[in-house]
Structures are given as C-alpha cells and as structure tokens.
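So the sequence shown is numbered by this note's numbering: it starts at 37 and just counts up by one. Glycine included, every Cβ here is placed at the ideal spot set by N, Cα and C.
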Amino acid sequence: MCVIRIERMNLEEICTELDSLSLRMLQLMKEYINVKLTIEGLIKNGSLHLAKSRYIMGNRNVSALQLPSEDSNDVIASTTVICKEMAEKGEAFILELSRLNIHDNENDDSDTLRQRN
37 MCVIRIERMN LEEICTELDS LSLRMLQLMK EYINVKLTIE GLIKNGSLHL AKSRYIMGNR
97 NVSALQLPSE DSNDVIASTT VICKEMAEKG EAFILELSRL NIHDNENDDS DTLRQRN
C-alpha cells in the first residue's frame, strides 16, 4: 500500500509538471505568433515607405547605394534589441525593443561655442 501511495504522489507531481510545461509552451507559441505578426506589419510598413520615397524622390535617388558601407560614417540604430535571460530556469530569453530618443540630443551644446569665465 505504501508503494502505491508513493507512485500516486509521483504521478500527481509529474502530471502537475506536465500541465505547467504545456501551459508555458502555449504561452510561448502565442508570443511567437504575436512577434511574427509584428514583424510582418513592420516589413509591410517599411516596404510601403520605401515605395513612397521612390515615388516622391524618383527611382534613381532611392537605391542600395545609399546603404551604409565600410567606408561610410558610423550609423546609429534608432531601434535596438535587448536580450535578457529569465531568472527562473535560464531556459528562455526576453527580447525587448529599445528605441533611441532623437530629441534627447537637441540640447547637446558640444558643437556650439561656449563662453569661458
């Protein structure tokens, strides 16, 4: 009787663990689908903006020649991806988009003349 009780307890623990893992898997699948939809929307918007700029500025003014190369100045990304590891089990990562606030640099007086005292 004692062996049956231990097996039942282990079986209940296993079922609980499987349930929690199944729920986590469904949550990750939902997050994955949401991220794919977000990427799809961003690519669509980017393509529309590119087409609009080509229409306004002309086909020859908007081309691959305007992309940065090794000889060009450094480009500062307006959006970056921050990857954080989850503290629970270390198995999953959290990816966050971080946008550069362009207006923070407006009060930068490094290029202007300063009066010395």
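Boundaries for Glu106: no beta strand (DSSP E) harbours it, and the DSSP string shows neither H nor E there. Nearest Cα to Tyr68 within the set Leu54, Leu136, Ala128, Asn137: Ala128.
Taking the C-beta atoms as reference points, Val117 is found nearer than 9 Å to Leu133. Cβ-Cβ separation between Ser114 and Leu136: approximately 5 Å, consistent with a contact (criterion under 8 Å). C-alpha of Ser105 to C-alpha of Arg90: approximately 21 Å in a straight line. DSSP, reduced to helix, strand and coil, places Leu133 within a strand of the structure shown.
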